[in-house]
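Heads up: the structure comes next, in structure tokens.
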Amino acid sequence: MAVTALDTIKNWFKTHLKPTQAQFWAMLDSFRHKSEKVPVADIEGLDSLFVGIPGMAEVNSKLPHGGYTGNAQILATSIETLNGLVTDLQEDDVLTAGQITTLQGQITAINTLLTSDNINLDTVQEIVDAIETVQTSLSTILVNDLTTGGTTKALTAEMGKTLKGLVDSLSAKIPKDYSKVVYVNANTPTTATIFDTNNPPVTNDNSLKSDVNNLYIGLDTSSWVYNATTFTYDAETITSKASTFYLYGTNKDAGNNKNNEIERSGAVGVGTATKPNHAVTKAQHDLKQDKDNQVEVSANSNVLNAWHGQTVLFAANCTITVPSTLNNSLGFVFRTLAGVTVTWAITAPFTWETTPSTTPEKTVGHFMRRGSTNTIILDF
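Below is the structure:
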């Protein structure tokens with residue numbers, strides 16, 4: 239039978255590898271089962287044990303003439319000495335004490351290899367059966383694809399790496415910046431589409447303007463809805479707002495014959511587009527992240543989703559009302575200026591964690607919605 243090198247067998251059983259059926263059989267063929275008899279010819283060194291041991295002819299020459307007597311009779315009838323290893327050792331042949339010692343050494347060495355504290359794993363067959371059981375078990379609990387399995391299944395390491403690659407690829411497609419640019423179509427000035435760096439405008443009507451004189455700024459309170467499936471912003475109608483867009487640096491109405499362009503600040507998918515608080519240059523169309531901007535409030539107002547993550551400065555006495563809908567986990571920091579007080583109101587289904595008093599002047603506070611619950615927390 240073929241014998242496979244031990245190093246080769248070890249390589250088959252390295253971590254995360256699973257031997258094939260052919261490899262399992264090749265491993266078994268490389269060892270002897272306990273039930274198999276070891277041929278004399280396969281016992282290394284047995285040849286040398288018979289050097290110098292007399293054969294039958296020599297024994298006969300040493301015996302008294304006329305026949306065997308006493309111990310000689312036993313010797314002659316019980317021993318057929320082998321002067322070399324033969325492969326056809328007969329069942330009735332008797333080994334010498336030295337041969338038996340050698341054979342016992344071989345048996346002891348084999349038993350040492352099979353020694354185990356577990357009585358269920360102290361033979362080659364039991365070890366093979368255990369390996370097959372483990373292989374079957376792994377096939378049951380491990381999933382090597384991303385479409386099958388369930389809560390009781392575990393992904394293999396390779397599938398885990400594949401899944402991470404898909405997540406990383408998807409994450410790369412989602413814009414991480416918050417400031418966006420709104421392009422108002424010249425042919426239909428009451429509608430607009432918002433784009434980001436991953437989805438730039440491609441039509442002539444919505445092309446970027448490199449000439450600073452063609453850049454327009456203004457105020458827009460429309461909400462832009464981010465579509466997570468297509469990675470684009472859905473078009474939103476800007477009702478009667480064309481007159482609020484002005485040519486940069488002038489009071490000239492942009493009118494209905496220009497591509498109006500404004501910058502939108504706020505969280506993705508919510509918030510409002512506002513007039514930029516920096517000079518408009520040829521780099522106006524470069525997207526940037528505007529976080530923690532200050533928002534001044536000088537009149538009664540609802541809490542706006544656009545205030546999330548901002549610093550809200552209350553510059554005049556006012557009443558701030560929690561509307562009936564707010565984004566989950568919305569939160570912002572606020573401060574009242576000198577001589578300014580703020581009264582708080584709330585709309586169902588929202589409720590206060592603790593009903594607030596009027597916020598006095600020169601006070602710093604925090605407003606937050608607790609996750610997706612209807613609890614509003616106000617501390618100052």
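Mapping of the sequence shown onto this note's numbering: residues 239 to 618, in sequence order. The beta-carbon is built from N, C-alpha and C at its ideal position, and this holds for glycine as well. Model, not experiment: these values are computed from the prediction.
With DSSP as the reference, label F251 as helix, strand or coil.
In the structure shown, F251 adopts coil according to DSSP, grouped into three states.
Taking 8 Å as the cut-off, decide whether the C-beta atoms of T597 and T574 are in contact.
Closer than 8 Å, so yes.
Using the beta-carbon count (16 or more within 10 Å), is D434 buried or exposed?
Residue placement at D434 is flagged as unreliable, the pLDDT there being 36, under the threshold of 50; the coordinate-derived value follows with that caveat. Taking a 10 Å sphere around the C-beta of D434, we find 16 or more other C-beta atoms and assign the residue as buried.
Where the beta strand (DSSP E) containing A554 begins and where it ends
Premise fails: A554 is in no beta strand (DSSP E) and is neither H nor E.
Sheet register partners of A583 (DSSP bridge)
According to DSSP, which records beta bridges pairwise, A583 is partnered with T559.
Mind checking F251: buried by the 16 CB within 10 Å criterion, or exposed?
Its Cβ having fewer than 16 others within 10 Å, F251 is exposed.
Could you have a look at A576 and say whether DSSP puts it in helix, strand or coil?
Coil.
Would you give the residue range spanned by the alpha helix (DSSP H) that F262 belongs to?
In the DSSP assignment, F262 falls within the unbroken alpha helix (DSSP H) covering 259 to 267.
Starting from G603, trace the beta strand (DSSP E) in both directions and tell me its first and last residue.
Going by DSSP, G603 is part of the beta strand (DSSP E) stretching over 602 to 607.
Would DSSP call S610 helix, strand or coil?
S610 falls in the coil class under three-state DSSP.
Give the DSSP bridge partners of N540, in chain order.
Note: N540 sits in a beta bridge opposite T559.
When you compare each of T361, G336, T592 to S273 by their alpha carbons, which one comes out closest?
Comparing alpha-carbon positions, the option among T361, G336, T592 lying closest to S273 turns out to be T361.
Nearest-angstrom Cα distance between D267 and H254?
So the two alpha carbons sit approximately 24 Å from each other.
First and last residue of the beta strand (DSSP E) that includes V645?
Given that the chain is displayed from residue 239 to residue 618, the structure contains no residue 645 and the question cannot be resolved.
State the CB to CB distance for the pair G569 and H546, rounded to an integer number of angstroms; the pair is presumed to be in contact (CB under 8 Å).
With a Cβ gap of about 6 Å, G569 and H546 count as contacting.
Nearest candidate by alpha-carbon position, reference N566, set V541, T611, K600, Q342
Residue nearest to N566 within the set V541, T611, K600, Q342 is T611 (criterion: CA-CA distance).
Please classify L446: does DSSP put it in a helix, a strand, or coil?
With a pLDDT of 31 at L446, under the threshold of 50, the modelled position of this residue cannot be trusted; read the value that follows with caution. Residue state, collapsed to three classes: coil.
Anyone know if the C-beta pair for T557 and Q532 falls short of 8 Å?
No, they are not a contact pair.
Should V541 be labelled buried (16 or more other beta-carbon atoms within 10 Å of its own) or exposed?
The Cβ neighbour count for V541, taken over all protein chains shown within 10 Å, is at least 16; the residue is labelled buried.
Mind checking whether F572 and G609 have CB atoms under 8 Å apart?
In this structure, F572 keeps its C-beta atom at 8 Å or more from the C-beta atom of G609.
Count the other CB atoms within 10 Å of the CB of I338; is the residue buried (16 or more) or exposed (fewer)?
Per the 10 Å Cβ criterion, exposed.
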